[in-house]
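In full-length UniProt numbering, the protein residues as written are 1 to 392.
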């Protein structure tokens, strides 16, 4: 597929966008509409900030189109639009050409991702009105994990919950993991279908995924993005009985516990800061809570690496990505400490060398190659959009 794909990632109060040239597989232009519906709303287009009141997503997309018209480049070469949708449930495990029936299905899945899918759907509806003559494709964040086998995605709960309510592990960060694991295989100079990797997407949200031959076989996030690793404001794994315990001893309602576990826990809950740079600053200044938070964070990552090593049988690469994974040498060292027996270690000089490029940070000749691969979800969405249209 030639031409250009306009990629849209619509949040509850934002629109992220990127124009991808499919001939060169590069971003041509992009930006962000933020704080939609607030007085401080603004648009940043290729570094140019435009303060303007944006009342809703329809106005937000109009502002994006106006920015392209005023600052360029032209959108005349756009041949399709790719939309990020967070949750596809068990229904959508591949990208899909959007029509009215697909819109209704995304709406039906919304209870699985009430903070994300409604906003994603609003962006789709606005964009279909703005570009009625172009194909629109939905790319689901959960889709890459559709290959996880039943023994790994099934919870040990009453089967009626699974069959009737869709209670199971779905996983997230799938678009990023698909791009990063494929790029890792290319860096190793091996066919994607022959490489086993553990992808650590570490940002404010964080996940680990076991990838066998290009297929996800297990991942740390679950039916929601709350499960798994310690995150900026999310707890990650806790005892499932915790909400009932807090209801008994503290009188907390389910909504209160849900809010606390998603927005007031993780690094923030343990030491008062969710920015990893600030957590390290506090720890270096002698803050014991920050030091403990880092210890808990690192231990959880290493535990998942060990578990996924066992699940895969052998591992060719451990891959760091995401804002923290790409930029924090100290976190990478923390996450791999003590794993030398598994063939996993980082070379201190390689690990601390500043670079924005994909690269190996393990010692020469290491049994398991440790990589840093900057993610590019927009390019992955564009490529999946093109592939969907070519297959259809």
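Glycine residues also receive a C-beta, built at the ideal position from the N, C-alpha and C atoms.
Note that this is a predicted model, so its numbers are computed, not measured.
Asked: Measuring CA to CA, which of 78, 93, 185 and 303 is closest to residue 134?; Found: 78
Asked: How big is the Cα-Cα spacing for residue 128 and residue 15?; Found: 15 Å
Asked: Where DSSP assigns a beta bridge to residue 216, which residues make up the other side?; Found: 211
Asked: Can you tell me whether DSSP reads residue 18 as helix, strand or coil?; Found: strand
Asked: Buried or exposed: where does residue 380 fall if 16 or more other Cβ atoms within 10 Å of its Cβ makes it buried?; Found: buried
Asked: Which of the three DSSP states is assigned to residue 273 in this structure?; Found: coil
Asked: May I have the straight-line CA-CA distance separating residue 177 from residue 141, to the nearest angstrom?; Found: 9 Å
Asked: Taking the straight line between their C-alpha atoms, what separation do you get for residue 23 and residue 260?; Found: 46 Å
Asked: Thinking residue 216 and residue 144 are a contact (beta carbons under 8 Å), I'd like their distance in whole angstroms, please.; Found: 5 Å
Asked: Restricting to runs no shorter than 3 residues, where is the beta strand (DSSP E) found entirely within the segment 301-388?; Found: 317-321 and 369-372
Asked: In whole angstroms, what is the alpha-carbon distance linking residue 138 and residue 13?; Found: 19 Å
Asked: Using CA atoms only, rank isn't needed, just tell me which of 248, 234, 85 and 42 is closest to residue 262.; Found: 234
Asked: For residue 199, which three-state DSSP category applies?; Found: strand
Asked: By how many angstroms is the C-alpha of residue 279 removed from the C-alpha of residue 62?; Found: 39 Å
Asked: On the DSSP bridge list, what partners appear for residue 29?; Found: 19
Asked: Tell me which residue opens and which closes the alpha helix (DSSP H) that residue 60 is part of.; Found: 57-71
Asked: Would you mind giving the Cβ-Cβ distance between residue 371 and residue 317, rounded to the nearest angstrom? I have them listed as a contact below 8 Å.; Found: 6 Å
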